[in-house]
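The numbering of the sequence shown is our numbering, which starts it at 591 and goes up by one.
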Amino acid sequence: MYLFFDTETTGLPKNWKAPMTEVDNWPRIIQLGYQLYNTKQELVKEYAQLIQPDGWVIPKEKFWIDHGYSTEQNVKEGIPMPNAIQEFIQDIEKSQHIVAHNLSYDHNVLGAEMIRYGQFTRHKTNKYCTKDLTVDFCKLPGNYGKYKWPKLEELHQILFNENFDGAHDALNDVRATARCFFELLNRKEINLIK
591 MYLFFDTETT GLPKNWKAPM TEVDNWPRII QLGYQLYNTK QELVKEYAQL
641 IQPDGWVIPK EKFWIDHGYS TEQNVKEGIP MPNAIQEFIQ DIEKSQHIVA
691 HNLSYDHNVL GAEMIRYGQF TRHKTNKYCT KDLTVDFCKL PGNYGKYKWP
741 KLEELHQILF NENFDGAHDA LNDVRATARC FFELLNRKEI NLIK
């Protein structure tokens, strides 16, 4: 099974190199989205949940307002983070492969949430980051004569010559990531870890 996931958060870490165990460094998850696919690349499950704040707030700044996020909405429509983590763990334990666009960020953010709530999994998976794996494929000009990391929207545009709707919604980003990953896999631009 493949598990694709994405988080939308309250911001960025203070220190990108800090371990997830430094939970105060990492932002809070405001939305968790993921999809499970079988080995035939068929969708098995789709999940998206807003997360209820338990003492934290969503910034009242342009980015979050423009994407429809607010503390009030998450209080009303969200679920407690431990409930979301529990379901995520049940599904990750069915998976051999985990995929995200900017995996190190999402992995650390979700890991910090698991530590906060004392919920863990020791299940080992093969990990793939579509951001890191496609730098040379996308060949987007960066600084110092090197290629830059592609944004998910850029990767999707390069692969399919079209944008995708609803970027910065966790489930929409997951759908786009899965579409990109399977296209890259089918084109043999990336290989599965054995």
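We treat Cβ as the ideally placed atom computed from N, Cα and C, and that holds for glycine.
Pair within 8 Å by beta-carbon distance, residue i and residue j
i	j	result
N698	W646	no
C578	S694	Lying before the first or after the last residue shown, residue 578 is absent from the chain, which here runs from 591 to 784.
M746	Y592	This sequence places His at residue 746; Met is not what is there. Cβ atoms of H746 and Y592: not closer than 8 Å.
A674	T767	no
K790	N751	There is simply no residue 790 to check, as the chain begins at 591 and stops at 784 in what is shown.
N664	P643	yes
Q621	L633	no
D696	F595	yes
Cβ-based burial, residue i [other Cβ within 10 Å; buried from 16]
i	result
T611	exposed
T599	buried
R618	buried
K607	exposed
Q639	buried
L782	exposed
Those residues which DSSP pairs with residue i across a bridge
i	result
C719	A690
Q680	BP columns for Q680 are empty, so no partner.
F594	Q625, V689
K635	L626
P731	Y737
I669	I641
Beta-carbon contacts of residue i that lie in its chain and below 7 Å, excluding the five residues immediately before and after
i	result
N762	F754, D755, G756
H713	I682, E683
V613	A702, I705, R706
Beta-carbon proximity list for residue i, same chain, < 6 Å, skipping 5 on both sides
i	result
I748	C728
I679	T711
I780	L723, L774
N776	none
P603	N615, W616
Y637	Y624
Nonlocal neighbours in the same chain, by C-beta distance under 8 Å from residue i, ignoring five residues either side
i	result
K630	none
P672	Y707, Q709
G601	P617, P649
8 Å contact criterion, which residue i and residue j should meet: CB distance rounded
i	j	result
K736	L730	Contact flag wrong, Cβ pair sits at about 10 Å.
G658	V764	The pair is not a contact, with the Cβ atoms about 17 Å apart (cut-off 8 Å).
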